[in-house]
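Novice: Following the numbering used here, the numbering of the sequence shown begins with 308 at its first residue and continues without gaps. Positions of the beta carbon are idealized from the N, C-alpha and C atoms, including for glycine.
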Amino acid sequence: MRTDSRFRLRDARAHMRPARLALGILMSWGAVLHAQETHGDLRHLHGVVESAATGRPVRDAEVVVTWTAARAAGSTSARAATARQRTDGHGRFDLRDLPAQLVTLRVRALGYAPSVGDVDLRGADRLLTVHLEVATTVLQEVAVRADTARERLARVAATSTLDAAALAATRGQTLGETIKNLPGVAVVQFGPSIAKPVIRGLNSQRVLVMNGGLRQEDQQWGTEHAPNIDSFEANAVTVVRGAATVLYGPDALGGVVKVDHAAVPDTGHLRGDVALNAFSNSRQGALSIGVEGADLSLPSLGRTGYRLRVTTRAAGNGAAPDYYLSNTGFRELNGSLALGVARDWGRAELSLSRFSTELGVLRQAHVGNANDLQRAMTTEPRDSAFSYAIGRPNQRVAHTTMRARLLRQLPRDGQLDVVYGLQFNHRREYDNHGPLRFRNEPAFNLKLFTNSLDVRYTHARWRGWRGTIGSSAIAQGNQTLGKAFLIPGFDLWQGAVYAQEELAVGRLSVMAGIRGDAISQTTIAFADAGIRSPAGTKAWRNGSGSVGAAYLLRDGLDVSVRVARAWRPPTVNERYAQGVHHGTAQYELGDASLGAEVSQGMEGAVRYRGRALQLEAAAYSNAVDRFIYLRPTAPVQTIRGAFPGFAYAQTDARLRGVELATSWSPHARVQLLANGTLVRGTNRVDGDPLFDMPADRATMSARWLGDAASRGRWYLGAGTLLVRQQDGVPSGTVYTLPTAGYALLHLEAGTTGARLLGRRADVSLTVNNALDTRYRDYLSRYRLFVNDAGRDVVFRVTMPF
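1) Could you say if the segment 1020-1029 and the segment 1048-1065 meet the contact criterion of at least three C-beta pairs nearer than 8 angstroms?
2) Using the beta-carbon count (16 or more within 10 Å), is residue 846 buried or exposed?
3) Tell me where the beta strand (DSSP E) around residue 781 begins and ends.
4) In this structure, what does DSSP give as the bridge partners for residue 605?
5) Three or more C-beta pairs closer than 8 angstroms, one from the segment 883-899 and one from the segment 909-926: is that the case here?
6) Using 8 angstroms as the cut-off, can you tell me whether the segment 986-996 makes contact with the segment 953-962, which would need three or more C-beta pairs spanning the two stretches below that distance?
7) Measuring alpha carbon to alpha carbon, tell me which residue in 974, 535, 1079 is nearest residue 1012.
8) In whole angstroms, what separates the C-alpha of residue 435 from that of residue 393?
9) Can you tell me the Cα-Cα spacing of residue 544 and residue 642, whole angstroms?
10) Answer with buried or exposed for residue 426, where buried requires no fewer than 16 other C-beta atoms within 10 angstroms of its C-beta.
11) Assuming contact is defined by CB atoms lying nearer than 8 angstroms, are residue 353 and residue 400 in contact in what I supplied?
12) Mind checking which residues open and close the alpha helix (DSSP H) that includes residue 880?
13) So the alpha helix (DSSP H) residue 695 belongs to, where does it begin and stop?
14) Which whole-angstrom value describes the C-beta separation of residue 622 and residue 590, a residue pair presumed to lie in contact below a C-beta threshold of 8 angstroms?
15) Under a Cβ-count criterion, where at least 16 other Cβ atoms within 10 Å of its own Cβ denotes burial, should residue 934 be classed as buried or exposed?
16) Taking the alpha-carbon positions, what's the residue 450 to residue 757 distance?
17) Closest to residue 893 by CA distance: which of 1007, 937, 752, 580 is it?
18) Please classify residue 795 as buried or exposed, where buried requires at least 16 neighbouring CB atoms within 10 angstroms.
19) Taking residue 486 as part of the alpha helix (DSSP H), name the residues at either end of that continuous run.
20) Would you report the Cα separation of residue 412 and residue 701, rounded to the nearest angstrom?
21) Within 10 angstroms of the Cβ of residue 523, are there 16 or more other Cβ atoms? Answer buried if so, exposed if not.
22) Quick one: using the 10 Å Cβ neighbour count with 16 as the cut-off for buried, is residue 977 buried or exposed?
23) Just to confirm the assignment, what range does the alpha helix (DSSP H) spanning residue 1187 have?
24) According to DSSP, simplified to helix, strand and coil, what is residue 643?
25) Among 754, 619, 767, which has the Cα closest to the Cα of residue 723?
26) Applying the 10 Å Cβ sphere with the 16-neighbour rule, what's the burial state of residue 532?
27) From the DSSP output, in three-state form, read off residue 687 for me.
28) Helix, strand or coil for residue 670, going by three-state DSSP, please let me know.
29) In the DSSP assignment, the alpha helix (DSSP H) including residue 871 goes from what residue to what residue?
30) Just mark residue 417 as buried or exposed, buried being the case when its beta carbon has 16 or more other beta carbons within 10 Å.
31) With residue 474 as the anchor, note down where its alpha helix (DSSP H) starts and where it stops.
32) Does the segment 585-605 come close enough to the segment 622-638 to have 3 or more Cβ pairs within less than 8 angstroms?
33) Report the option in 419, 505, 703, 491 whose CA atom is closest to the CA atom of residue 535.
34) Take the Cβ of residue 1032 as the centre, count every other Cβ of all protein chains shown within 10 Å, and call the residue buried at 16 or more, exposed below.
35) Taking 8 angstroms as the threshold (C-beta atoms), are residue 870 and residue 854 in contact?
36) Suppose you measure from the CA of residue 431 to the CA of residue 485; what does that come to, to the nearest Å?
Here it is as structure tokens:
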């Protein structure tokens, strides 16, 4: 079971204090709390039940408290005890004469998702505020809701969340594949193994990935450099659409993808799960085993929680409807270990993880000369046999992370959050042409070291204002060690201070934030084989800010508007790239004179949350001065072969779009979901469309739900992805780009809580592209050479133990 509700607790003896101590108790943490015997002390548990969507009290909600009572005389086992009550017209409940121990609180109300959590009554009486989510937000795959208690971006900005249940339906795939059907989101695709998120037409260095509270630093500037994250680690994924630079910095000019992990458990013995996935298209198998508990005792720390997970994946060549995509297999081995303690003062966690993968690069995209390049772009591939072998060209990537996090509860509902991270990313790309073809020596060899520190203080409410004040610092160094050159080595330093405040007055909620960043980028000289990349230091200082407001028109219906200013300095690859980028199979040329991008955007949204219907519509306009993009040039012949040429350039641009997400449950057993995304990117200088803007797309799906004692909670579903012809192609494009629209059919069936081999299990079967449709997506980087993936039958089973 899981809960999206948050409990707010305070000691009843401090009843007159104006602030309450907030303690988030999320069932997705997997805490299994063992009740204790009572010794005669009685406690008082009271509070109020509110709607998470509107903040209004929920009347007639059923509040049930259960605990394990002391053994009766002569009995060999303890007995279960229960106290229950319904909330009054003001949403209040009042339960007295409860035991001084850990108890389980369950709250249910018609039209809302059940809330379950454990409350510690050993120390004192407790006063709670329970927030209930509307039921449809739990049932649907995409839940649009508040981000966190500390960062309520959802009030004035567009956010979408995939919870643990929705993630279970896509586990084993890349992060980009997992979120690509959310409104406003698309992916840059490189065959079956690489998918990179695109938010409102922006990607790579403009979209920040936060992994467990730590910014992911893994050479993210490359469009084929997918986030090095184990999807089995994620407990929830939240996408913030639009500039989120106030809290996260210039890398979040387009948006943020937040990958949240469940907290390390603080009670309970050893438990875990085994997940097994199988994919027919590439004959991929994925296995992930996780264990956790809190029965570990360490010197000086005492009771300590732990979590350990190991994941492996292996796949062969992916398949288009008529042929295999040669050399697109991959192998992956990941592991992580986390330790944590939870005390009265808060939580502290330390985690270590390693992500490692070897993946092939489409061989048809690497050719010998211009004639071969033309032939590869106009004929079907000749080498189309299935194989698990990974040949040249290929990539090997390893990402190691150490994360330390302290969450300190402070008086009067304050909180201090400190996150330190040490990351090491090692990327090697191997050539299949030229002198390195038969040598085990990478042509492209990068080592990236990153130290980062983020300190956030959430202060107590002051005259109605509540918000976050913080600072961050990054020290980064990159080594270029390969025989071939693409970017120089560099050192980067970045420091920032920021503040974001929120004020709620009646139906009106106002949020404002400001941030200042200072960035220094020092390149290391490189002079070899005709490459001249000088040493030098460039520094930028600039600010960003946003102001937004949301107004609750009536219960469940609100409107919001936000304006934001953001900026981003050019990255080293944009300034100094010079050579073949093997992963993208293209020759790139940078421009050292590039200036910083400056964005000024406005967005508005309307949200409705009813018991059966949920609807969100958002529109935005974003003007970006000195917008940096890759401009196609004539093919370039190198010693490694012929490659499409691209050069970094700047222009003034405007991005506009509309996003729609809706969920309707006309019957308790029926779910209907739909969302749509439209993006228009325009070069404000010449009026041409921008390169690489996502085509208009919509997704629709229907599910039939049911319950059975032996089959658990089951579902059957069907859906479609509709992509419109991309006619927004700039004039003078060197390479003929596929722009045809397409429609894909998806089928699904699954169950949660079924009995399998005598144990409870979650099982699902999904058929992607069920009609084996031939298509080429406009954002596929292999669109010049091959079709996209054909039919894929996916079987998933997860079994807890």
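Specialist: Quick look at the numbers:
1) yes
2) Reading the sequence shown from its first residue, position 539 is the one you call residue 846. Per the 10 Å Cβ criterion, exposed.
3) For the purposes of this step, residue 781 is identified with residue 474 of the sequence shown, where counting begins at 1. Note, residue 781: beta strand (DSSP E), 772-787.
4) Counting from 1 along the sequence shown, the entry for residue 605 is found at position 298. The partner list for residue 605 (beta bridge, DSSP) reads 609.
5) Touching, no, given that fewer than three Cβ pairs across the two stretches are closer than 8 angstroms.
6) The segment 986-996, when compared against the segment 953-962, does touch it at the 8 angstroms Cβ threshold.
7) As a first step, residue 1012 must be located in the sequence shown, where it is residue number 705. The candidate whose alpha carbon is nearest that of residue 1012 is 974.
8) Within the sequence shown, residue 435 is the residue found at index 128, counting from 1. Within the sequence shown, residue 393 is the residue found at index 86, counting from 1. When rounded, the distance between both Cα atoms is 15 angstroms.
9) For this step, residue 544 is matched to residue 237 along the sequence shown. For this step, residue 642 is matched to residue 335 along the sequence shown. About 20 angstroms.
10) One-based indexing of the sequence shown puts residue 426 at position 119. Per the 10 Å Cβ criterion, buried.
11) For this step, residue 353 is matched to residue 46 along the sequence shown. For this step, residue 400 is matched to residue 93 along the sequence shown. Between residue 353 and residue 400, the C-beta spacing is below 8 angstroms.
12) As a first step, residue 880 is located in the sequence shown; it is residue number 573 there, counting from the start. It spans 879-883 - the alpha helix (DSSP H) in which residue 880 sits, taken as one unbroken run.
13) Stepping through the sequence shown from its first residue, residue 695 is reached at position 388. For residue 695, there is no enclosing alpha helix (DSSP H), as DSSP gives it neither H nor E.
14) Position 315 of the sequence shown, counted from the first residue, corresponds to residue 622. Position 283 of the sequence shown, counted from the first residue, corresponds to residue 590. Right, the Cβ-Cβ distance comes to about 7 angstroms (below 8 angstroms), so this counts as a contact.
15) Looking up residue 934 in the sequence shown gives position 627. Buried, because 16 or more other Cβ atoms sit within 10 Å of the Cβ of residue 934.
16) Along the sequence shown, read from residue 1 onward, the residue named residue 450 stands at position 143. Along the sequence shown, read from residue 1 onward, the residue named residue 757 stands at position 450. Only weak support exists for where residue 450 lies, its pLDDT of 37 falling under 50; the value from the coordinates is given anyway. Between residue 450 and residue 757, the C-alpha separation is close to 33 angstroms.
17) Start at 1 with the first residue of the sequence shown, and residue 893 comes out as number 586. Per the Cα distances, 937.
18) Residue numbering aside, residue 795 sits at position 488 when the sequence shown is read from its first letter. So residue 795 counts as buried.
19) If you number the sequence shown from 1, residue 486 lands on position 179. Unbroken alpha helix (DSSP H) run through residue 486: 482-486.
20) Looking up residue 412 in the sequence shown gives position 105. Looking up residue 701 in the sequence shown gives position 394. In a straight line, the C-alpha of residue 412 is about 53 angstroms away from that of residue 701.
21) As a first step, residue 523 is located in the sequence shown; it is residue number 216 there, counting from the start. Residue 523 is buried by the Cβ-count criterion.
22) Locating residue 977 in the sequence shown gives position 670, counting from the first residue. Burial call: exposed.
23) Because the chain is modelled from 308 through 1108, residue 1187 falls outside the range shown and cannot be assessed.
24) Sequence index remark: in the sequence shown, residue 643 carries index 336 (1-based). The answer is strand: DSSP assigns residue 643 an E or B state.
25) Position 416 of the sequence shown, counted from the start, is the residue given in the question as residue 723. Per the Cα distances, 767.
26) For the purposes of this step, residue 532 is taken as the residue at position 225 of the sequence shown. Looking at its Cβ environment, which holds 16 or more other Cβ atoms inside 10 Å, residue 532 is buried.
27) Working through the sequence shown from its first residue, we reach residue 687 at position 380. Residue state, collapsed to three classes: coil.
28) Here residue 670 corresponds to residue number 363 of the sequence shown, with the count starting at 1. Helix, per DSSP.
29) Residue 871 sits at position 564 when you count from the first residue of the sequence shown. Boundaries for residue 871: no alpha helix (DSSP H) harbours it, while the beta strand (DSSP E) harbouring it runs 864-875, taken from the DSSP string.
30) Taking the first residue of the sequence shown as position 1, residue 417 is located at position 110. Counting Cβ neighbours within 10 Å, residue 417 comes out exposed, since fewer than 16 surround it.
31) The sequence position of residue 474 within the sequence shown is 167, counting from 1. Residues 471-475.
32) yes
33) Reading the sequence shown from its first residue, position 228 is the one you call residue 535. The residue among 419, 505, 703, 491 with its C-alpha nearest the C-alpha of residue 535 is 703.
34) As a first step, residue 1032 must be located in the sequence shown, where it is residue number 725. Label assigned to residue 1032: exposed.
35) Numbered from its first residue, the sequence shown carries residue 854 at position 547. Numbered from its first residue, the sequence shown carries residue 870 at position 563. Yes.
36) Numbered from its first residue, the sequence shown carries residue 431 at position 124. Numbered from its first residue, the sequence shown carries residue 485 at position 178. So the two alpha carbons sit approximately 44 angstroms from each other.
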